[in-house]
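K.L.:
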Amino acid sequence: MRPVSLRFRCFGPYMEEQFIDFEALEKSGLFLICGETGAGKTTILDAICYALYGKSSGGLRGDMSVMRCKLAEKEDETMVEFVFDAGQKRYKFTRSLRYGRKNLKDYHNCMVLEDGNYVPIFANPKKQNVSAKAEEIIGLNDEQFRQVVILPQGQFERFLVSDSAEKESILVSLFGADKWQKIAEEIYRRITEEDQKLIRERADIQSRLKDYSCENVEELQILAAQKEQELIRLQSLAERVEKEMAEKKRRYEQAVLLNAEFEVLEKWQIKMEQLKAKAGKMEATAQRLAKSDIADQIQPLYAETVRAKEEYARRKNAQKSAEEEKIAAECRLQGIQNKQNKHEEMRVTYDRETKRLALLERAEGLYESLEQKKGMAENAEKEWNLLKKKLADKKQSFEQANVVWMEAMESQQKCMDAYTAAQKQYLDGISGTLAEKLIPGEPCPVCGSREHPKPARLSQKKVTEKELDTLNNKLNACTKAVSRNAELRRNAEAVYQNLQQEAGKAEQNMIALQTAYEELLGQKISGIENAMQLLKERKTSETWILSFREEEKQIQQLLTAVQGEVTAANVQLAKAQEASKEGKLRFEEQQTIWKQALSEHGFADEEEFIRSLMQTKEKNTCRETLISYRTTLENVRTEEQKQQEKLEGKIRPKLKEMEYELQIAETEQKNRSKELILAQQEVQRIKRIEESLAKRKAKYETERIRVDANLEFAGRLRGRSGISLQRYVLGVMLSSVTVEANRLLKQVHGGRYRLYRTNEIAGTSHKGGLELEVLDALSGGRRSVTTLSGGEKFLVALSLAIGLSTIVQTQGNGMRLGAMFVDEGFGTLDQHSVYDALEVLQGIQKANGLVGIISHVEMLKDVIPVKLEILKGKNGSYISIIPDIMQPPIAPHFITSSI
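Mapped onto my numbering, the consecutive letters of the sequence shown carry residue numbers 5 to 903.
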């Protein structure tokens, strides 16, 4: 990391913008930052740290808002900008504060230089993104940066005198050595997991043994042998129960067969009882069939009697229908006659309507002419009204033209009077002028007379020729106006008179048309106002007359038709009465024959005969049923007798009792089989568990020895007894730091002091391995670094800090640091020690490129030629560069440009 420039404003005590060009300072290598206490020397380092990490150089000042200049107004922006090179690229990091609507808002950005322009690395940069990017580019976090690049005020000696625990904390941060502790912890975690697995394995083995109430595997083996003996006993018992159950099953099966034979007998007996129960019904069926056969003999006679009865009923119904039809025809005839009478009552109205229709037809021409005359009269009236309106307008135009003409005449007369008077005055003026020039005895220039008895007098008001011309022009204008208006008046008068004549003719025409219309109006039919109404009345009358005639025609037709129907109904009724009488006689004869037949064949009445009648299908069914019954009865009687002979001397078994005994035996057999199976399974399970637990126990004992050894090793790596892995690695790193520091200490006090790492424990932390001692060449012995004086301690601490910075760079990520800043500490040195310290720093400057020292020691101002002097002003602090080796890239208003 090589600093390029630093820019900030409104930051700390600095109100106005400041700019530091580190590239210019790099030429001299070593420079001093000096100034009064509180002027803002350390603020320069804070600006670098805030730009990169958002934190101060000491890490104690909080966020950037505490660094806002107290002189800043609300609209002022607090800004820091740090430009540096790293990895052959140039970066710019900026942080700023400015007020939003209510509160301060912070802004963060980081950019990389590409093709001459700075390009943002993040599209939406946040504080954490920018800080993380700085750590990624530089290879140091903020704590490491303060220890390696910026040695803060009062802190870089802390590392020298700190105990092992504190040194461990610092070195872990600088070298990222926490990975070694993490490795140790990971090893311990893995071994601990294995130990826990073994503990759980042992607990599981014991738990499985306790399931069988055993303390060890040997007891489980004894238990397995006992279970095998019990299994042999259960096998013998199961075989005996199986034989007993088989014998009972055989006897039960024989009983089932015998019981089936008894069930067959019982079935035939039941069927016999069922057939006997049907005997009465079958006897009734036989009797019914016999009665049906007798009924079939006289059935044709019955059919003939039914036909005679039906024929008589039909003829009787026909007679009734003929009577009803006669009555209906007579009713229709009476209705039509009533309708004919009513129609005749309208005959007077018909005659009247016929006459009115003739009148309406004759009036059609009158109403057409009336409509025409009315239209002509109305048009004539409209034309006369229009002409009357035009006449009024033209009369008004004529009167207006006459008024204008009269006014023009009056204006002409006035102009004439004025011109005549002016002319007279003009001539009087000429005469008066000539009269004044007359000389008695001299001839008059006008009349030639030499006597002048009445000379003209000079008028008091003199009229010039120009004024007379003006009046003459006005008179001419008035004359023209009179002529023009007179012409307009004559034209308006002619139009008005012509229109008067036209209006008179229109009025006469209107009166004549109205008179003709009124004469025709007196000839109108009362109640009919126009041709449309006349047409409507005519159509109404025509419709009514046609309706009357049509109705008369229909009535006549209906009357003729219904009279024919009445005649036909009388004829039909006579025929129906004769036929009904014949049908009655025939029915009565057949009825007598039928009753005699019923009596002869044993039937009490017709109803008994009808009940005895059977359809052929039904009769066949009854015969088949009767035959089937008799056949089945004989068969069942035979089979029942055979089955009784077969079971003679045998007793029906008690099947339910035997079935119950068999079920008990089967249940006993199942229970014994299940007990045997469970016992077999238990023996097999115990044997499997015994074999498994024996193997697991042997493996556990082997693994226990290995894991115990690993636990001891992991504990030692963690530092449980002695130095941990992390402390060991840090001890090696610290030794490298002391070697580099001792190389620098060769230039201090003639190489009097050398640093050494010791494993002794300091303080109460019980942690060693990182303590430091100093070898004093004068005394030849080692002593604690805490015994060094203030100046000696500063020089040794400075060498150690520089050595630490060197090792961090070489052991870190390969990042080459191009600058180092030391804040204070020179106040404790004498002149010789100051030169020693400068020798050390000069050596570092050659390696790092740029070294900045913050101090108020006056001697350093004389020794170090290049200085950034911090001065206080009324607008805050500002930087003065001595000598002026920097040229700011922009803005002549920068403080540096005014130095």
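Idealized CB from N, CA, C, for every residue including glycine.
Which whole-angstrom value is the C-beta distance of Leu29 and Val870, which I expect to be below 8 Å?
P.N.:
Sure, about 6 Å apart at Cβ, within 8 Å.
K.L.:
Suppose you measure from the CA of Asn389 to the CA of Glu469; what does that come to, to the nearest Å?
P.N.:
About 60 Å.
K.L.:
Does the distance from the CB of Ala207 to the CB of Ile141 come in under 7 Å?
P.N.:
Not a contact, by the Cβ cut-off of 7 Å.
K.L.:
What do you get for Phe613, buried or exposed, if any count of 16 or more other CB atoms within 10 angstroms of its CB means buried?
P.N.:
Classification of Phe613: buried, given that the 10 Å Cβ count is 16 or more.
K.L.:
Does the beta-carbon of Val812 have 16 or more other beta-carbons within 10 angstroms, so that it is buried, or is it exposed?
P.N.:
Looking at its Cβ environment, which holds 16 or more other Cβ atoms inside 10 Å, Val812 is buried.
K.L.:
What is the DSSP secondary structure of Met115, reduced to helix, strand or coil?
P.N.:
Met115: strand per DSSP, three-state reduction.
K.L.:
Please determine, among Ala507, Thr790, Arg756 and Gln258, the residue with the shortest C-alpha to C-alpha distance to Leu782.
P.N.:
Ranking Ala507, Thr790, Arg756 and Gln258 by Cα distance to Leu782 puts Arg756 first.
K.L.:
Anyone know if the C-beta pair for Pro7 and Phe23 falls short of 7 Å?
P.N.:
No, the Cβ-Cβ distance between Pro7 and Phe23 is not below 7 Å.
K.L.:
Do Asn746 and Arg758 have their CB atoms nearer than 7 Å?
P.N.:
Contact: yes.
K.L.:
Starting from Ile191, trace the alpha helix (DSSP H) both ways and give me its first and last residue.
P.N.:
Segment Asp182 to Lys214, the alpha helix (DSSP H) holding Ile191.
K.L.:
Can you name, in chain order, every residue of its own chain whose Cβ lies under 6 Å from the Cβ of Ser135, other than the five neighbours on each side?
P.N.:
Contacts found: Tyr57 and Gly58.
K.L.:
Excluding the five sequence neighbours on either side, which residues of its own chain have a C-beta within less than 6 Å of the C-beta of Ala405, listed in chain order?
P.N.:
Within the same chain, Ala405 has close Cβ partners Leu492, Arg493 and Ala496.
K.L.:
Indicate whether Leu659 and Lys252 have their beta-carbon atoms separated by less than 7 Å.
P.N.:
Their beta carbons are not under 7 Å apart, which means Leu659 does not touch Lys252 by this criterion.
K.L.:
What is the DSSP secondary structure of Asn495, counted as helix, strand or coil?
P.N.:
Of the three classes helix, strand and coil, the one that applies to Asn495 here is helix, per DSSP.
K.L.:
Going by alpha carbons, who is nearest to Gly719 out of Leu370, Cys419, Glu189 and Thr46?
P.N.:
Selected option, being the one with the closest Cα: Glu189.
K.L.:
Using the C-alpha atoms, what's the distance from Gln341 back to Ala362?
P.N.:
If you take the alpha carbons of Ala362 and Gln341, they lie about 31 Å apart.
K.L.:
Restricting to runs no shorter than 4 residues, where is the alpha helix (DSSP H) found entirely within the region 20-75?
P.N.:
Listed in chain order, the complete alpha helix (DSSP H) runs (minimum 4 residues) inside the region 20-75 are 26-29 and 45-57.
K.L.:
For the region 70-85 and the region 49-56, state whether three or more C-beta atom pairs, one from each stretch, are separated by less than 8 Å.
P.N.:
Flag = yes, the region 70-85 and the region 49-56 touch.
K.L.:
DSSP state of Gly877, grouped into three classes?
P.N.:
Correct three-state label for Gly877: strand.
K.L.:
State the Cα-Cα distance for the pair Thr353 and Leu391, rounded to the nearest angstrom.
P.N.:
Cα to Cα, the separation comes out at about 54 Å.
K.L.:
Asp780 to Glu707, Cα distance in whole Å?
P.N.:
C-alpha separation (whole angstroms): 55 Å.
K.L.:
Apply the 10 Å Cβ neighbour rule to Gln905 and answer buried if 16 or more other Cβ atoms are within range, or exposed otherwise.
P.N.:
With the chain running from 5 to 903 in the structure shown, residue 905 is simply not present.
K.L.:
If distances are taken between C-alpha atoms only, which option among Ser9, Tyr18 and Leu10 comes closest to Lys878?
P.N.:
It is Tyr18 whose Cα lies nearest to the Cα of Lys878.
K.L.:
Please report the distance separating the alpha-carbon of Trp598 from that of Gln576.
P.N.:
Approximately 33 Å, taken between the alpha carbons.
K.L.:
Out of Leu261, Val245, Ala281 and Ala181, point me to the one whose CA is closest to Gln673's CA.
P.N.:
The candidate whose alpha carbon is nearest that of Gln673 is Val245.
K.L.:
Please confirm whether Leu34 and Ile868 have their CB atoms less than 7 Å apart.
P.N.:
The answer is yes: Cβ separation under 7 Å.
K.L.:
Would you call Phe717 buried or exposed, if buried means 16 or more other Cβ atoms sit within 10 Å of its Cβ?
P.N.:
Flag for Phe717 reads exposed.
K.L.:
Does the separation of the CB atoms of His347 and Glu556 fall below 7 Å?
P.N.:
A contact, by the Cβ cut-off of 7 Å.
K.L.:
At what residue ranges does the region 640-682 contain a whole run of the alpha helix (DSSP H), taking only runs of 4 or more?
P.N.:
Within the region 640-682, no complete alpha helix (DSSP H) run reaches 4 residues.
K.L.:
What is the DSSP secondary structure of Ala608, reduced to helix, strand or coil?
P.N.:
Three-state result, Ala608: coil.
K.L.:
Could you spell out the range, first to last residue, of the beta strand (DSSP E) harbouring Arg6?
P.N.:
Here the beta strand (DSSP E) through Arg6 covers Arg6 to Arg13.
K.L.:
Looking only at its own chain, which residues have a Cβ that is under 8 Å from the Cβ of Leu224, when we skip the five neighbours before and after it?
P.N.:
Here the set comprises Leu213, Tyr216, Cys218, Ile690, Ile693, Glu694 and Leu697.
K.L.:
Closest by CA to Ser740, which one among Ala823, Leu804 and Asn502?
P.N.:
Of Ala823, Leu804 and Asn502, the residue nearest in Cα terms is Leu804.
K.L.:
To the nearest angstrom, report how far apart Thr358 and Glu546 are at their CA atoms.
P.N.:
So the alpha carbons of these two residues sit roughly 8 Å apart.
K.L.:
If you drop the 5 nearest sequence neighbours on each side, which residues of the same chain put their C-beta closer than 7 Å to that of Arg72?
P.N.:
Closer than 7 Å at the Cβ level, and outside the excluded window around Arg72, lie Cys14, Thr82 and Leu101.
K.L.:
Output yes if chain B places a C-beta closer than 7 Å to the C-beta of Gln341; else output no.
P.N.:
In the structure shown, chain B does not exist; there is a single protein chain.
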